[in-house]
Each structure stands twice: as C-alpha cells, then as structure tokens.
Amino acid sequence: MRKAFPVLTALLVLAGLTPVVAQEGYRPPPENLEARAWFQEARFGLFIHWGVYSVLGRGEWVMHNEKIPIAEYEKLPPRFNPTDFDPAAWVAMAKAAGMRYITITSKHHDGFAMYDSKTSDYDIVDRTPYERDVLKMLAEECRKEGLKLFFYYSQLDWHHPDYFPRGRTGQWSGRPESGEWGRYLDYMDAQLEELLTGYGPLGGIWFDGWWDRPDADWRLGQTYSLIHRLQPAALVGSNHHRKPFPGEDFQMFERDFPGHDTTGWNDKAEIGTLPLEMCTTINNSWGFNESDTRYKSLEEIVHLLVRAGGYDANLLLNVGPKPDGTIQPEFVERLAEVGEWLEKNGESIYGARGGPITPRPWGVTTHKGNEVFVHVLDWPDRVLALPLPPRPVKSAHYMADGSEVPLGRDADALLLRLDPEKADPLDTIVVLELAEAIMPTAPGTPR
Ligand code: H79
39 MRKAFPVLTA
49 LLVLAGLTPV
59 VAQEGYRPPP
69 ENLEARAWFQ
79 EARFGLFIHW
89 GVYSVLGRGE
99 WVMHNEKIPI
109 AEYEKLPPRF
119 NPTDFDPAAW
129 VAMAKAAGMR
139 YITITSKHHD
149 GFAMYDSKTS
159 DYDIVDRTPY
169 ERDVLKMLAE
179 ECRKEGLKLF
189 FYYSQLDWHH
199 PDYFPRGRTG
209 QWSGRPESGE
219 WGRYLDYMDA
229 QLEELLTGYG
239 PLGGIWFDGW
249 WDRPDADWRL
259 GQTYSLIHRL
269 QPAALVGSNH
279 HRKPFPGEDF
289 QMFERDFPGH
299 DTTGWNDKAE
309 IGTLPLEMCT
319 TINNSWGFNE
329 SDTRYKSLEE
339 IVHLLVRAGG
349 YDANLLLNVG
359 PKPDGTIQPE
369 FVERLAEVGE
379 WLEKNGESIY
389 GARGGPITPR
399 PWGVTTHKGN
409 EVFVHVLDWP
419 DRVLALPLPP
429 RPVKSAHYMA
439 DGSEVPLGRD
449 ADALLLRLDP
459 EKADPLDTIV
469 VLELAEAIMP
479 TAPGTPR
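When we follow our numbering, the leftmost residue of the sequence shown carries the number 39, and every step to the right adds one.
Written out as structure tokens, the structure is:
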C-alpha cells in the first residue's frame, strides 16, 4: 500500500488528471502582460533547431534514435565548425519572411549548450573548433534589427549524469544507473540564469522535454520564479502537451492546431486562456536532415499561417540550419515567398484575433476592429453561407482589389456571393465591414 501511492499518483499525472504544481499564485506584472499582448499580435516566428547533431544530418534525435553512447556522441563537437554562420543573413531572412521573433535551441535533448556556458564545458565555445558563442552573435543581431529572441531549453538531458532516474528516452547513452536529480535541476537553473543575464532582454524561454518524466518533481515553481525574477517580461512556455501550468505565459501546440490531436500526443492539451502558438517544420524535420526533402509548398505554409491565426494562434515555423552555418536554399526561398504574401496580406494576420466564426473546412476568419477577414482557403460553391457575425455587416469587399462582394442576408446567415474569377489559390480574403468594432479581449480572457 505504501508503494501503491506514488504509482497511483504517477498514473493520475500521466492521465493528466492531477494539476501539476508550478509557480502557484503567480500574478504577471504589467510588463509581462504587455509582452503577452505583443506576442499575440506578432503572429509569426522563426524556430531554429541547431546543434552538433547537424553534423550527421539525420535530425536532432539522432543520439537517441541510433543509440549513440555519450563517448561516441562527444566526437561530434570537434567536427562542428560553422565558419559560414552569418547571423545577419539569418535575421534578414526571418525579417523578409515577415517573422517578428526567433526561437532558437540553446540546449536540445542531447545536452549540448550552443552558448558559452560557465556551468559546464559541454558547450560550443569549449568543445568546438569554432569557439564562438552563436547565441550571443544572434542576440546582438536581433536587437539591432528589432526582432525578439526566445531561447528553447530542453529540460530533458541525455548527457548529464544527474538526469536520474531516467525517463522514457535517452536510456542508451551509457550513463551509470545513479545520479542526483536535485543536482541536475540546480544545473538547469544555473544555465537558465546564464541565459537570462547574458543575452539582453529575451522574448522568453521555450521549454521542452517535461514529458520525458511527467511524474517527476521538476521544481517548476523555483525555475519559473527564477526566470520571472530575472526578466519579468520574459514569457515562459512549455511543450508539455497539457493545459498551462501556473507561472506560464503562453501555450504551445506541436504540429497541431489548438484543440486537435493528429499526432496522438496532444490528447490532453486542453486549450487555456493564454496566448497560443503552434509550431511546425518546413519539411518534416526539426534539426538538419539531409534525406528529408518533403518541403511544404507555399500554399501549405500560407494555409498553416492563416489557419493558425483563425485558431487565434501564432505560427512558429522551423528551419534546421546546416553544420556550416548556412540555411538551405529550399527554406530560404520558401520563406521569401511567404514574406511576399504577407507584404500584401499582413493586415489580416498581424494584430488580428481568431474568429469571430470558428474554423471551418473551407477556411477561417480573423478580425481586427470593425473588420472581419474571411479567409477562403478552399474555394467552395459560388455562395458561401456564414453564421451571422456578432455585429451588423455594412458591406464586403475583396481585400486584393477592393471590389465589392454582393451580400445576401438571411435571418440566421450571411451569404457571400463569390466571383470565381476572383479566386486566389493561396487565400481569397473577403473583408466584412462591421457597423461597430468587436472589442479585442486581453490575453487571459476566456475564449
Ligand atoms: O524539438 C523538437 C523535437 O525534437 C521535440 N519537440 C520539437 C519542438 C520532440 N521531441 N519529441 N517529439 C518531438 C515527439 C514527441 C514524442 C512523444 Fe513520447 C510522444 C513524447 C511523449 C509522447 C516519444 C514517445 C517520446 C516519449 C514517448
């Protein structure tokens, strides 16, 4: 019976039935609420997965997937020498794509720090011939160019000896079956302190890997308070696939729109009240993967961005740079095309909230002030029936050329009489002019 209790608790936690203790009683200060509002308006960010794994070109999970022991994996850093890394080129690419922030891996599951950590020598400055702090270089460039920078940080660690007891992954790295969990958490907090004090004001911290040990005591209260104390405006989010824990400032969804579970791991990801972000990749890989050439088309990416907006979520779109520090042309070209599209249509994305009509198979709606943007993604019949928006509709026009869209009105529906000649294969945007604005709700208001 004494043994049964922790097992039962673990089962309940696994089932997502018990609340996870984190930073209880957290009340975000005004600068944090402002940062949340900024985040919600920004709508589009660049995710970057870059580490020594890129040398092998088989994704960021290669250590686990191919059961590479630490002694072997440690031969990668001496081979990592990104002499063509040009932070100005990366930031220019993101800006041209219409992205407003960058989220980059400071440490992935392999435990290797991509910055000059003093807590450990398992980092880019101490172990690679490149010997430079790429996060510092990127942080300076972002500040210069007005992009916010977030650091991804993996709580899961396949390299640290004190990451013990082990979780669901990393069991082939050849570590002794011992270690002190508390010491690992101290190490993690020390690294986070370095990241929050040495790189200027951050957009926030993007945690991943909690799911490796969902029943462990992660001491989240201590870690989240540390971050909020060092930088009150930095947003904390975690990819734990659950409803947000106390102390978090935004909620993220991996490879799924909020409320969906096509991946099978988002079944407990109930939507909370915080700003939302969905992340996905341009091909199917996060870290550089030479054999993955399944690049999404411009249409697929625009649809992801627009649909995410319809769900009131940002899109964080990933690239995995090559070991030489460059980003492959397939990614660069695609992002430039998205930027061109946003140049023309960004009004319906940036600062626009999801709804008022919930996402539909044919498309989504976004709104701002007294305008509703009806994004017709899959051209339906000539007449599109919508539920009535919450304010009277005065008129409607195509965003592309301003020409009028004839309306039909019913007691319970608004009919858009669409002209097939105006169809845009990427997104035909119809703007509804409302008689009054839909007042924006602050982040934190129940959806
Ligand atoms: O950083 C990128 C990926 O390396 C990382 N998150 C993105 C942003 C990632 N790790 N794992 N996954 C993505 C897939 C998740 C698999 C999981 Fe499971 C299913 C986690 C929990 C259930 C696999 C099976 C790992 C544990 C059991």
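Glycine residues also receive a C-beta, built at the ideal position from the N, C-alpha and C atoms.
Glu292 is not a Cβ neighbour of Val274, given a cutoff of 7 Å. When the beta-carbon positions are compared, Leu353 and Phe188 stay at least 7 Å from each other.
Following the DSSP letters along the chain, one finds Tyr436 in no alpha helix (DSSP H) but inside the beta strand (DSSP E) bounded by residues Val431 to Tyr436. In this structure Leu114 is not in contact with Val129, their Cβ atoms being roughly 26 Å apart against a cut-off of 8 Å. Between the segment 310-325 and the segment 344-360, the count of C-beta pairs closer than 8 Å reaches three or more; the two stretches touch. DSSP places Arg447 inside the beta strand (DSSP E), whose first and last residues are Leu445 to Arg447. For Ser216, same chain residues with a beta-carbon under 7 Å away, outside a window of 5 residues either side, are Phe202 in chain order.
Annotation for Asp246 indicates a beta carbon within 6 Å of some heavy atom of the ligand H79.
The closest heavy atom of the ligand H79 lies 6 Å or more from the beta carbon of Arg257. Distance from the CA of Gly358 to the CA of Arg204, rounded to the nearest whole angstrom, comes to 28 Å. In the three-state scheme derived from DSSP, where H, G and I count as helix and E and B as strand, Asp246 is classed as strand. DSSP assignment within the segment 208-247 yields the following whole alpha helix (DSSP H) runs of 4 residues or more, N-terminal first: 219-235. The C-alpha of Asp124 lies about 17 Å from the C-alpha of Thr166. In this model, Asn119 and Thr364 are separated by some 12 Å (Cα to Cα).
Annotation: the continuous beta strand (DSSP E) that includes Thr404 extends over Gly401 to Lys406. For Ser192, the enclosing beta strand (DSSP E) begins and ends at Lys186 to Ser192. Considered as a whole, the segment 79-130 harbours 100-103 and 108-111 as its complete alpha helix (DSSP H) runs of no fewer than 4 residues, in chain order.
In this structure, the straight-line span from the alpha carbon of Asn322 to that of Ala434 is close to 38 Å.
Beta bridge pairing from DSSP links Lys145 with Ala151 and Tyr191.
Spatial neighbours of Asp450 in its own chain (CB-CB distance under 7 Å, excluding positions within 5 residues in sequence) are listed in chain order as Leu426. Going by C-alpha positions, Gly407 is about 45 Å away from Asp122. Annotated three-state conformation of Arg165 is helix, per DSSP.
Among the bridge pairs identified by DSSP, Ser276 is matched with Phe245. The beta carbon of Trp210 sits no closer than 6 Å to any heavy atom of the ligand H79. Distance from the C-beta of Trp303 to the nearest heavy atom of the ligand H79 is below 6 Å. Counting of Cβ neighbours within 10 angstroms places Pro397 among the buried residues, the total reaching 16 or more. Around the beta-carbon of Thr466, 16 or more other beta-carbon atoms lie within 10 Å, marking it buried. Val376: member of the alpha helix (DSSP H) spanning Pro367 to Asn383, first to last residue. With contacts defined by Cβ atoms closer than 7 Å, Ala475 and Ala134 do not form a contacting pair.
Relative to Trp244, the option among Ala272, Asn304, Pro107 and Leu264 whose CA is nearest is Ala272. Judged by their CB atoms, Val376 and Ile320 are not nearer to each other than the 7 Å cut-off. Burial state of Glu104 is exposed, judged by a 10 Å Cβ sphere holding fewer than 16 other Cβ atoms.
Val410 sits buried, since 16 or more C-beta atoms from the chains shown fall within 10 Å of its C-beta.
A contact between stretches requires three or more CB pairs, one per stretch, nearer than 8 Å, and the segment 231-238 fails this requirement with the segment 206-215.
Take Ala109, set aside five residues on each side of it, and no residue of its chain has a beta-carbon closer than 6 Å to its own.
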